[in-house]
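A.B. asks: In our numbering, the protein residues as written are 1425 to 1890.
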Ligand code: SAH
Ligand code: SF4
Ligand code: F3S
């Protein structure tokens, strides 16, 4: 009943709070949303659990970006419903972008789902949970006019977590022809600057020292300021950097069209803005970029990277790529390889094109699957090599690491460098949450390892850049 259950424990009945288990798929925004859904349920009396077997409510926060991501959800629900044998009152909710795209179709295909809730309606999760159950299923995939953020409880970042995500902008007006995001997340909308600053202060009070600002097109942020005027992402970063205990600021994901000069300058002018930029390009062929509706050429992108590196030479660039977009010829693909060689990425995410229902490119003639796999393998070989080169460049150098958690080996801690590399080092637990100097001695497959050179945190946390 309500937010608690009567359970039998060692022969006696006890009341315990109901438990919520949330699992995130897809992008960082879903990770942020999952935290906020848990916050909303905790406010209405639930406790959070990391073990789905003891949950009374399981929320799958889903991703619709590629077909595989969507299909995964149906098999996952099929597996989870077996938990009802032990807990017949278990409720299963599907949230996120699959919920938005497929709505009540989900419950038709998988009747074990009790609740379907879209990304703009999840502040209503407690109500939906209260209504669901006893055989009724409920769905809410509205796009409410008023922002959900103002109706959510305060962000309860778990204590001890030093990195945090903070959504500042949602939705997308770009309509790339392959992408579902404009349909699942709706039109672009920026949170007011003061609301963002307030949430950042709260996160910092709870221990966050490294905040990543999130948006589907985060660099098109234009939130309203306290004086009624608009604020750019660069303005917001400057404002946030005034929070003394906040040491590092990052943002993702940016669109090349919205990389304004003030944002590029912020990489030099704002000490707390970290030297790492995720700037997807998708393809190196102008013909394909046009068909994708990316609204820039390969040359414009390469020139932009050159300008950014001109201001901040040590910046690490990462990118997203799609191979075998409809109509992509070997020649187009080779232009992508050329672009990658010219830019040199520190990290990357590359995918085979996946036709998504309702998007314009899905209606075009598709490329053979073997051709796509072969192109992806070739591209990934090059990108992996570049990642290794980027990592090896740091061997022998001393970097600032914010330690986040214990490593797998005894006595080892793991943290992030300013350039977002995972760094392992032998260090005592009192270094957790602290920024320390580490001399890099080795580059591993996806991380660096090194030895601590500073025992105490430098005054002011993250030291000024060279
Ligand atoms: N807003 C970001 C991208 C968000 S989606 C941007 O504009 O770059 C994350 C990545 O998923 C995209 O950059 C793209 O590389 C990939 N992606 C999106 N739709 C896809 C599809 N239909 N098939 C394959 N990859 C896709
Ligand atoms: Fe999708 Fe393009 Fe919008 Fe990125 S900019 S979310 S790829 S439509
Ligand atoms: Fe996936 Fe939705 Fe993010 S489709 S990538 S979870 S915005």
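Beta carbons: idealized from backbone N, C-alpha and C, even for Gly. Here the structure is a predicted model, which is why all the values come from computation and not from measurement.
Expressed to the nearest angstrom, what Euclidean distance is found between the alpha-carbon atoms of residue 1555 and residue 1428?
C.D. replies: Taking the first residue of the chain shown as 1, we reach residue 1555 at position 131. Taking the first residue of the chain shown as 1, we reach residue 1428 at position 4. Using only the alpha carbons, I get a separation of about 15 Å.
A.B. asks: Bridge partners of residue 1441, per DSSP?
C.D. replies: Numbered from 1 along the chain shown, position 17 holds the residue referred to as residue 1441. Residue 1441 pairs with 1428.
A.B. asks: Assuming residue 1492 is part of the alpha helix (DSSP H), what are its boundary residues?
C.D. replies: By 1-based counting over the chain shown, the position of residue 1492 is 68. Taken as a continuous stretch (DSSP letters only), the alpha helix (DSSP H) holding residue 1492 covers 1491 to 1504.
A.B. asks: Would you call the CB atoms of residue 1590 and residue 1635 closer than 7 Å?
C.D. replies: Taking the first residue of the chain shown as 1, we reach residue 1590 at position 166. Taking the first residue of the chain shown as 1, we reach residue 1635 at position 211. Result yes, Cβ atoms of residue 1590 and residue 1635 sit closer than 7 Å.
A.B. asks: Under 6 Å, CB to any heavy atom of the ligand SF4. Which residues pass, going along the chain?
C.D. replies: 1596, 1598, 1599, 1600, 1603, 1605, 1606, 1640, 1641, 1679
A.B. asks: What did DSSP end up calling residue 1393 once you bin it into helix, strand or coil?
C.D. replies: Since the first residue shown for the chain is 1425 and the last is 1890, residue 1393 is missing from the structure and cannot be characterised.
A.B. asks: Taking C-alpha atoms, which residue in 1658, 1573, 1865 lies nearest to residue 1684?
C.D. replies: Here residue 1684 refers to the residue found at position 260 when the chain shown is read from its first residue. Comparing Cα-Cα distances from residue 1684 to each of 1658, 1573, 1865, the minimum goes to 1658.
A.B. asks: So, helix, strand or coil for residue 1820, using DSSP?
C.D. replies: By one-based count along the chain shown, residue 1820 stands at place 396. Note: residue 1820 maps to coil in three-state DSSP.
A.B. asks: Restricting to Cα atoms, I'd like to know which of 1703, 1514, 1456, 1799 is closest to residue 1676.
C.D. replies: Mapped onto the chain shown, residue 1676 falls at position 252. The shortest C-alpha separation from residue 1676 is found at 1703.
A.B. asks: According to the Cβ coordinates, are residue 1513 and residue 1545 closer than 7 Å?
C.D. replies: On the chain shown, residue 1513 is found 89 positions in, with the first residue counted as 1. On the chain shown, residue 1545 is found 121 positions in, with the first residue counted as 1. No, the Cβ-Cβ distance between residue 1513 and residue 1545 is not below 7 Å.
A.B. asks: In the DSSP assignment, the beta strand (DSSP E) including residue 1485 goes from what residue to what residue?
C.D. replies: Against the chain shown, residue 1485 aligns to sequence position 61. Here the beta strand (DSSP E) through residue 1485 covers 1481 to 1486.
A.B. asks: What number of angstroms, rounded off, separates the C-alpha of residue 1823 from the C-alpha of residue 1665?
C.D. replies: Taking the chain shown and counting its residues from 1, one reaches residue 1823 at position 399. Taking the chain shown and counting its residues from 1, one reaches residue 1665 at position 241. So the alpha carbons of these two residues sit roughly 21 Å apart.
A.B. asks: In angstroms, rounded to a whole number, what distance separates the CA positions of residue 1623 and residue 1837?
C.D. replies: Walking along the chain shown from the start, residue 1623 turns up at place 199. Walking along the chain shown from the start, residue 1837 turns up at place 413. Computed Cα separation, rounded: 28 Å.
A.B. asks: Using the Cβ count rule (16 or more neighbours within 10 Å means buried), how would you classify residue 1597?
C.D. replies: Residue numbering aside, residue 1597 sits at position 173 when the chain shown is read from its first letter. Exposed: under 16 other Cβ atoms inside 10 Å.
A.B. asks: Going by beta-carbon coordinates alone, are residue 1454 and residue 1520 separated by less than 7 Å?
C.D. replies: Residue mapping note: residue 1454 aligns to position 30 of the chain shown, counting from 1. Residue mapping note: residue 1520 aligns to position 96 of the chain shown, counting from 1. Yes, Cβ-Cβ distance for residue 1454 and residue 1520 is below 7 Å.
A.B. asks: Assuming the contact rule is C-beta atoms closer than 8 Å, residue 1615 and residue 1573 should be a hit. Round their C-beta distance to whole Å, please.
C.D. replies: Residue mapping note: residue 1615 aligns to position 191 of the chain shown, counting from 1. Residue mapping note: residue 1573 aligns to position 149 of the chain shown, counting from 1. Sure, about 6 Å apart at Cβ, within 8 Å.
A.B. asks: Assign residue 1419 to buried or exposed, taking buried as 16 or more other Cβ atoms, counted over all protein chains shown, within 10 Å of its Cβ.
C.D. replies: In the structure as shown, the chain starts at 1425 and stops at 1890, and residue 1419 therefore has no counterpart that could be examined.
A.B. asks: Relative to the ligand SAH, is the shortest distance from any of its heavy atoms to the C-beta of residue 1892 smaller than 6 Å?
C.D. replies: Residue 1892 cannot be examined here, being either before or after the span of the chain that is shown, 1425 to 1890.
A.B. asks: Tell me, to the nearest whole angstrom, how far the beta carbon of residue 1771 is from that of residue 1720; I am working on the premise that it is less than 8 Å.
C.D. replies: The residue labelled residue 1771 in the question sits at position 347 within the chain shown. The residue labelled residue 1720 in the question sits at position 296 within the chain shown. 21 Å between Cβ atoms; not a contact.
A.B. asks: Need the endpoints of the alpha helix (DSSP H) that residue 1691 sits in, please.
C.D. replies: As a first step, residue 1691 is located in the chain shown; it is residue number 267 there, counting from the start. Taken as a continuous stretch (DSSP letters only), the alpha helix (DSSP H) holding residue 1691 covers 1685 to 1693.
A.B. asks: Helix, strand or coil for residue 1366, going by three-state DSSP, please let me know.
C.D. replies: The question about residue 1366 has no answer, for the chain in this structure spans 1425 to 1890.
A.B. asks: Among the residues of its own chain, which have a CB less than 7 Å from the CB of residue 1788, if the five just before and after it don't count?
C.D. replies: Your numbering for residue 1788 matches position 364 in the chain shown. These residues qualify, in order along the chain: 1750, 1751.
A.B. asks: Do you know offhand how far residue 1425's Cα is from residue 1642's?
C.D. replies: On the chain shown, position 1 is the one that residue 1425 refers to. On the chain shown, position 218 is the one that residue 1642 refers to. Confidence at residue 1425 is low in this model, with a pLDDT of 43, below 50, so its placement is unreliable and the value that follows should be read with caution. Each residue's alpha carbon lies about 41 Å from the other.
A.B. asks: Can you find a heavy atom of the ligand SAH that lies under 6 Å from the Cβ of residue 1489?
C.D. replies: Taking the chain shown and counting its residues from 1, the one referred to as residue 1489 is at position 65. Flag set: Cβ of residue 1489 near the ligand SAH.
A.B. asks: Expressed to the nearest angstrom, what Euclidean distance is found between the alpha-carbon atoms of residue 1877 and residue 1869?
C.D. replies: Translated into positions along the chain shown, residue 1877 becomes position 453. Translated into positions along the chain shown, residue 1869 becomes position 445. Approximately 23 Å, taken between the alpha carbons.
A.B. asks: Taking residue 1499 as the reference, which of 1511, 1486, 1510 has the closest Cα?
C.D. replies: For the purposes of this step, residue 1499 is taken as residue 75 along the chain shown, with counting starting at 1. Residue 1499 has its Cα closest to that of 1486, out of 1511, 1486, 1510.
A.B. asks: To the nearest angstrom, report how far apart residue 1517 and residue 1777 are at their CA atoms.
C.D. replies: As a working note, residue 1517 is residue 93 in the chain shown. As a working note, residue 1777 is residue 353 in the chain shown. For residue 1517 and residue 1777, the distance between alpha carbons rounds to 29 Å.
A.B. asks: Under 7 Å Cβ to Cβ from residue 1855, same chain only, skipping five residues before and after it: list those, please.
C.D. replies: Start at 1 with the first residue of the chain shown, and residue 1855 comes out as number 431. Taking C-beta separations shorter than 7 Å and ignoring five residues to either side along the sequence, the partners of residue 1855 in its chain run 1827, 1837, following chain order.
A.B. asks: With distances taken from CA atoms, which of 1820, 1804, 1863 is nearest residue 1747?
C.D. replies: By 1-based counting over the chain shown, the position of residue 1747 is 323. Nearest C-alpha to residue 1747: 1804.
A.B. asks: Using only the alpha-carbon positions, how far apart do residue 1761 and residue 1466 sit?
C.D. replies: Here residue 1761 refers to the residue found at position 337 when the chain shown is read from its first residue. Here residue 1466 refers to the residue found at position 42 when the chain shown is read from its first residue. Distance between the alpha carbons of residue 1761 and residue 1466 is about 48 Å.
A.B. asks: From the DSSP output, in three-state form, read off residue 1772 for me.
C.D. replies: Taking the first residue of the chain shown as position 1, residue 1772 is located at position 348. Residue 1772 falls in the strand class under three-state DSSP.
A.B. asks: The beta strand (DSSP E) that contains residue 1839, what's its start and end?
C.D. replies: As a working note, residue 1839 is residue 415 in the chain shown. Element bounds for residue 1839: 1836 to 1841.
A.B. asks: What's the call for residue 1560, buried or exposed, on a 16-neighbour Cβ count within 10 Å?
C.D. replies: One-based indexing of the chain shown puts residue 1560 at position 136. Looking at its Cβ environment, which holds fewer than 16 other Cβ atoms inside 10 Å, residue 1560 is exposed.
A.B. asks: Could you give the distance in angstroms between the alpha-carbon of residue 1819 and the alpha-carbon of residue 1652?
C.D. replies: Against the chain shown, residue 1819 aligns to sequence position 395. Against the chain shown, residue 1652 aligns to sequence position 228. Near 48 Å, if we compare the C-alpha coordinates of residue 1652 and residue 1819.
A.B. asks: Among the candidates 1864, 1830, 1579, 1871, whose CA atom is the shortest distance from the CA of residue 1851?
C.D. replies: Numbered from 1 along the chain shown, position 427 holds the residue referred to as residue 1851. For residue 1851, the nearest C-alpha among the options comes from 1830.
A.B. asks: To the nearest whole angstrom, what separates the beta carbons of residue 1620 and residue 1667, a pair I think is in contact under 8 Å?
C.D. replies: Sequence index remark: in the chain shown, residue 1620 carries index 196 (1-based). Sequence index remark: in the chain shown, residue 1667 carries index 243 (1-based). Contact check for residue 1620 and residue 1667: beta-carbon distance about 11 Å, past the 8 Å limit, so the pair fails to qualify.
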